[in-house]
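**Student:** Below is one structure. I have some questions about it.
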Amino acid sequence: MNRILRILALVAAALLPLPGLALATALPAVAVQEIAHGRGSMWLADGASWIGNYELDDGNMGYCIDVEKPAPSGASFDYLDGSSAALFSPDDSARLAYLSRTWGAPGDAVTAVAAQLATWTITGLAGHDQAYFAQRANGDADRVLELANRMLRQADGAKGASRGVRATLDLRLDAGLVVTDLVVDHLAGPAQAPPASHRGTLELRGATFENGARTMAVVNGTLVKIVPDSGRAVSAVTVSVSYPDLPYGPRFRLAQNRGGTQSLLVQSPFPTSASASASDSVPNPRPFRPRVETITSAAVAAAGAGLHDRLEVSAHPDSPTGGEWGVYRAADGTLAPIPVVVSSRLLGPFGTRPVRSSTVPADAPVVCEVETAVTTGSGRYDSPECTVPAAGFYVWVDSIDPRKTPPERGGGRLQGWTSEFGVASETTLVPATPIIETTASTASTGELSAPGCVSDRLLVSGLPSGAPPIEVVSTLLGPLDHEPAEGAEPEGWHDYPVAGSVTTTVLGDGAHESPCVEVSAPGFYYFVVDSVPSTDRFATTPVVSAFADHRVHASESVRFPAPTPPPSPTPPPTPPAATPPAPASGPPAASPPGGGTPPAGSLAQTGLTPPPLGIAGLVVAIMMALGTLGLVVGRRP
């Protein structure tokens, strides 16, 4: 062998162990092809030993990973996920991915040389030390060696190579917030990705963002406000986030050489993605509005009776919770209905039916105020009872004060409510049954001495204040020829003669005088009374009940006695039948016409026979009268 051949043989022997210097036949292109050296350094000692990256025809740069194989000049490659090729451990795959991601295509040769040296340090130095390959950087060998080891330390550091990444979601429905972030599984330990370093997409179900959308582009580490959908008592929200193209994980891009030359670690590792979802069901944080429909327990009642308010409680259709009763999270973690206190006031009595109004009159009398605890949500509840004391109209008014519900039990979400005043279904009538004491105007004597006019005096008590007027009809029955029994309602009294009937308008309690009735015929009279019921257009029950008294009372009776007739005249006595004695003086008595004295039998028929002394006295009187007459006659001229 000549001298030249020996030199060539020695050079070849020296170059064979060095990567990138093998002479290989180019394989047919499969995906990409090496076209030239990239950035790096040629060893000046031989002018042939290259250290650095290679340029591929798709513009990517790659570093050799098989130091014992020839250089890949002109080779063709297939791209694949190197982490799945089982060439290296998962952690080494993560380191290679990090190197290619960080320094895959540096802008200077020294960095490229250091990256190649770091790559071979991971994939294998074929029994050599780092300095052996660093010398190819010529005067930058020490710098390259230091930089390569710095790269390796950085890869193993807190923010270096990673096995993967995961997305996180913190759903805070009680506060209406969601926070999304990324946690990187670095070789040195998991750590959150730098805030706002990656963009993702956040999607909501059962809620919206403040702008009303259900999808939003977000960056990691930021807090986003959400608004649960209305219409349900429980907000069931699902949130999901996805982050594409994340620069984490072990999936390095391997340009696999199908021939016998080196394969390459390409600059663009396969990206990874991370996603997460979270769901929660919490009480709807939006306001809750209850609805209360009320009705009094009795439309008509008696004084002294107990009334309660019937409450039909439900969620108002316009409430953000829809037709569902609002709930809160109890201390044991369960969901419980928001407790509500319904305050009910019974107002009255009123003389007339209350007029419907949005406000309660300031001077409305209050019978009582009671509270009903609504603890189980929608349903029927009865308030405690109140006693109605007297006749008149009564009406319930109801209200809900959110302050009576503790905030931790949903009071902060509860909306207040007040019913209207004078609602018909909430109104109760206690009919009045007034007491009327009646007295005829002649009650002090009980009789008339002459024809006159008799009135009825009414003393009324028990009418509600402000009640409408009532009409009392006083009817004077008579004249009767007998006096019915005191306190009795005579049988057949409807057929008694009627002296007259008068009507008195009664406006309230007190004394009232009726018009009078003329009495002209003798007999017995007494008043009977009837009232016309006072009605209400909203109820069939009269406000003031009809009443009547048809009994005979001494205070209502009048006697008008007939005049006393004159005494009958007494007939004169019949003179005796015996002959009277002769007078002592004077002319003889005249004989009766027809001559002679009538027989004794005739006198007996004209009257009673007078006793003898009476007859004698009569004769003497007659004779004296005749004598006197004669004297007078004798004195006439």
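The sequence shown begins at 2 in this note's numbering and counts up by one.
Think of the CB as a built atom: it goes at the ideal place given N, C-alpha and C, for glycine as much as any other residue.
Quick check on DSSP: helix, strand or coil for G140?
**Tutor:** Counting from 1 along the sequence shown, the entry for residue 140 is found at position 139. The answer is helix: DSSP assigns G140 an H, G or I state.
**Student:** Applying the criterion that 16 or more other CB atoms from any shown protein chain within 10 Å of the CB defines a buried residue, is C454 buried or exposed?
**Tutor:** Indexing the sequence shown from 1 puts residue 454 at position 453. Exposed.
**Student:** Given T388, which residues of its chain have a CB within under 6 Å of its CB, disregarding the five upstream and five downstream residues?
**Tutor:** If you number the sequence shown from 1, residue 388 lands on position 387. Excluding residues within five positions, the ones whose Cβ falls inside 6 Å are G307.
**Student:** The beta strand (DSSP E) with P229 in it runs from where to where?
**Tutor:** The sequence position of residue 229 within the sequence shown is 228, counting from 1. Looking at the DSSP string, the run of the beta strand (DSSP E) that includes P229 is T223 to P229.
**Student:** By Cβ distance, which residues of its chain are closer than 6 Å to S241, with the 5 residues on each side in sequence left out?
**Tutor:** Taking the first residue of the sequence shown as position 1, residue 241 is located at position 240. Excluding sequence neighbours, S241 sits near E204 and S278.
**Student:** Quick check: the Cα distance between H513 and V343, rounded to an integer number of angstroms?
**Tutor:** Your numbering for residue 513 matches position 512 in the sequence shown. Your numbering for residue 343 matches position 342 in the sequence shown. Distance between the alpha carbons of H513 and V343: 46 Å.
**Student:** Taking the C-alpha atoms as reference points, what is the distance between R538 and W494?
**Tutor:** Translated into the one-based positions of the sequence shown, residue 538 becomes position 537. Translated into the one-based positions of the sequence shown, residue 494 becomes position 493. Note on R538: pLDDT 49, under 50, position unreliable in the model; the coordinate value appears next. Approximately 34 Å, taken between the alpha carbons.
**Student:** Relative to the C-alpha of A234, which candidate in N212, Y382, R290 and Q257 has its C-alpha closest?
**Tutor:** Locating residue 234 in the sequence shown gives position 233, counting from the first residue. Nearest option by C-alpha distance: R290.
**Student:** For the candidate residues E372, L348 and P284, whose alpha-carbon lies nearest to that of P362?
**Tutor:** Here residue 362 refers to the residue found at position 361 when the sequence shown is read from its first residue. When each option's Cα is compared against that of P362, the closest is L348.
**Student:** Please check the pair E421 and S379, which I expect to be a contact at CB under 8 Å, by giving their CB distance rounded to whole angstroms.
**Tutor:** If you number the sequence shown from 1, residue 421 lands on position 420. If you number the sequence shown from 1, residue 379 lands on position 378. At roughly 22 Å, the Cβ-Cβ gap does not stay under 8 Å, so E421 and S379 are not in contact.
**Student:** What are the boundary residues of the alpha helix (DSSP H) that includes S502?
**Tutor:** To locate residue 502, count along the sequence shown from 1; it is residue 501. That residue, S502, is in no alpha helix (DSSP H); its beta strand (DSSP E) goes V499 to V507.
**Student:** Measuring CA to CA, which of V238, V368, Q193 and G411 is closest to A331?
**Tutor:** Here residue 331 refers to the residue found at position 330 when the sequence shown is read from its first residue. When each option's Cα is compared against that of A331, the closest is G411.
**Student:** Please check the pair F561 and G524, which I expect to be a contact at CB under 8 Å, by giving their CB distance rounded to whole angstroms.
**Tutor:** Taking the sequence shown and counting its residues from 1, the one referred to as residue 561 is at position 560. Taking the sequence shown and counting its residues from 1, the one referred to as residue 524 is at position 523. Confirmed, Cβ separation roughly 6 Å.
**Student:** So what's Y395 in DSSP terms, helix, strand or just coil?
**Tutor:** The sequence position of residue 395 within the sequence shown is 394, counting from 1. Three-state DSSP puts Y395 in a strand.
**Student:** Taking C-beta to C-beta, are L459 and T439 nearer than 7 Å?
**Tutor:** To locate residue 459, count along the sequence shown from 1; it is residue 458. To locate residue 439, count along the sequence shown from 1; it is residue 438. Contact: yes.
**Student:** So, at 7 Å on beta carbons, what are the nonlocal neighbours of T443 in its own chain, with the 5 sequence-adjacent residues on each side left out?
**Tutor:** Translated into positions along the sequence shown, residue 443 becomes position 442. Counting only Cβ-Cβ distances below 7 Å, and skipping sequence neighbours, we find L449, V455 and V559.
**Student:** Which residue comes first and which comes last in the alpha helix (DSSP H) that contains I123?
**Tutor:** Here residue 123 is taken as the residue at index 122 of the sequence shown, counted from 1. That run of the alpha helix (DSSP H) goes A110 to T124.
**Student:** Tell me, please, whether the segment 112–120 touches the segment 46–64 by the rule of three or more beta-carbon pairs shorter than 8 Å.
**Tutor:** Flag = yes, the segment 112–120 and the segment 46–64 touch.
**Student:** Helix, strand or coil for Y249, going by three-state DSSP, please let me know.
**Tutor:** Here the question's residue 249 lines up with position 248 in the sequence shown. In this structure, Y249 counts as coil in the three-state DSSP scheme.
**Student:** Whose C-alpha, out of E427, S546, G222 and V375, is nearest the C-alpha of I436?
**Tutor:** Counting from 1 along the sequence shown, the entry for residue 436 is found at position 435. Cα-wise, what sits closest to I436 is S546.
**Student:** Determine which residues share a DSSP beta bridge with T322 and list them.
**Tutor:** Locating residue 322 in the sequence shown gives position 321, counting from the first residue. Bridge partners of T322: none, in fact.
**Student:** Roughly how many angstroms lie between the CA atoms of V641 and N221, to the nearest whole one?
**Tutor:** The structure shown has nothing for residue 641, since the chain only spans 2 to 638.
**Student:** If you draw a straight line from the alpha carbon of A304 to that of E409, how long is it in whole angstroms?
**Tutor:** To locate residue 304, count along the sequence shown from 1; it is residue 303. To locate residue 409, count along the sequence shown from 1; it is residue 408. Roughly 44 Å separates the two Cα atoms.
**Student:** Whose C-alpha, out of N61, A555, L100 and S274, is nearest the C-alpha of T446?
**Tutor:** Position 445 of the sequence shown, counted from the start, is the residue given in the question as residue 446. Among N61, A555, L100 and S274, the Cα nearest to that of T446 is on A555.
**Student:** For A451 and G393, what's the separation of their Cα atoms in angstroms?
**Tutor:** Counting from 1 along the sequence shown, the entry for residue 451 is found at position 450. Counting from 1 along the sequence shown, the entry for residue 393 is found at position 392. Approximately 46 Å, taken between the alpha carbons.
**Student:** At which residue ranges does the segment 282–344 contain complete alpha helix (DSSP H) runs of 4 or more residues, listed in the order of the chain?
**Tutor:** Segments of the alpha helix (DSSP H) lying fully in the segment 282–344: there are none.
**Student:** Out of G190, A489 and A176, state which residue places its alpha-carbon closest to the alpha-carbon of K226.
**Tutor:** Here the question's residue 226 lines up with position 225 in the sequence shown. Residue A176 is the option with its Cα nearest to K226.
**Student:** Using DSSP's beta-bridge definition, name the partner residues of L348.
**Tutor:** As a position in the sequence shown, residue 348 is number 347, starting the count at 1. According to DSSP, L348 bridges with V367 and V396.
**Student:** Going by DSSP in three states, R404 sits in which element: helix, strand or coil?
**Tutor:** By 1-based counting over the sequence shown, the position of residue 404 is 403. The answer is helix: DSSP assigns R404 an H, G or I state.
**Student:** Check each candidate in L178, S532 and A37 and name the one with the smallest Cα separation from F210.
**Tutor:** Counting from one through the sequence shown, the residue named residue 210 turns up at place 209. If we check each option's Cα against that of F210, L178 comes out closest.
**Student:** Assign A549 to one of two classes, buried (16 or more other C-beta atoms within 10 Å of its C-beta) or exposed (fewer than that).
**Tutor:** Numbered from its first residue, the sequence shown carries residue 549 at position 548. Classification for A549: exposed.
**Student:** Return helix, strand or coil for F1, following the three-state DSSP convention.
**Tutor:** Nothing about residue 1 can be read from this structure; the chain reaches only from 2 to 638.
**Student:** Between which two residues does the beta strand (DSSP E) carrying W494 extend?
**Tutor:** Position 493 of the sequence shown, counted from the start, is the residue given in the question as residue 494. Per DSSP, W494 belongs to no beta strand (DSSP E) and is neither H nor E.
**Student:** Select from H317, A237 and P245 the residue whose C-alpha is nearest the C-alpha of S280.
**Tutor:** On the sequence shown, residue 280 is found 279 positions in, with the first residue counted as 1. Checked all of H317, A237 and P245; the closest Cα to S280 is A237.
**Student:** Alpha carbon to alpha carbon, how far is G190 from I401?
**Tutor:** In the sequence shown, residue 190 corresponds to position 189, counting from 1. In the sequence shown, residue 401 corresponds to position 400, counting from 1. Whole-angstrom Cα-Cα distance: 57 Å.
**Student:** Which whole runs of the beta strand (DSSP E) in the segment 463–488 are 3 residues long or more, in chain order?
**Tutor:** Segments of the beta strand (DSSP E) lying fully in the segment 463–488: 471–481.
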